[in-house]
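Trainee: According to the numbering used here, the stretch in the sequence shown is residues 4 to 104, in order.
One structure, as structure tokens, below. Some questions next.
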Amino acid sequence: LWATIALGFLFVIFQAWEYSHAYHELNLTLGSGVYGSTFYMLTGFHGFHVTMGAVMLSVIAVRAMKGHFTPHNHFAFEAVAWYWHFVDVVWLGLFIFVYWF
4 LWATIALGFL FVIFQAWEYS HAYHELNLTL GSGVYGSTFY MLTGFHGFHV
54 TMGAVMLSVI AVRAMKGHFT PHNHFAFEAV AWYWHFVDVV WLGLFIFVYW
104 F
């Protein structure tokens, strides 16, 4: 779980690096036409959701370490896991749409 959290935050760090590279070296801005605005909008919203997912996973990890979950009481854990997997699947589509087309 901690590795997933670390990789989530690492993704956001790399996304920030990519934004810096795209803006300063490729001159890709929100005003660069449809691709620029679409790129920043799609990847920005996704980065926000990854950040929120990593924060939620961090809370779940702390709660798990404190023994808050049982075999019968683990809805929060399962809900966050579903959210995280949904964000992963969305990234697959975004990656293909943004970087391959």
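Virtual Cβ for every residue (Gly too), placed ideally from N, Cα, C.
Excluding the 5 residues preceding and the 5 following Glu81 in the sequence, name in chain order all residues of the same chain whose CB lies nearer than 6 Å to its CB.
Mentor: none
Trainee: I need the straight-line Cα distance from Tyr38 to Ile99, nearest angstrom please.
Mentor: CA-CA distance, Tyr38 to Ile99, rounds to 14 Å.
Trainee: Between Phe51 and His75, what straight-line distance do the alpha-carbon atoms span, to the nearest angstrom?
Mentor: 31 Å
Trainee: Here's the rule: buried if 16 or more other CB atoms are within 10 angstroms of the residue's CB, otherwise exposed. What is Ala9?
Mentor: Around the beta carbon of Ala9, fewer than 16 other beta carbons sit within 10 angstroms, so the residue counts as exposed.
Trainee: Alpha carbon to alpha carbon, what distance is there between His71 and Leu45?
Mentor: Rounded to whole angstroms, Leu45 and His71 show a C-alpha spacing of 35 Å.
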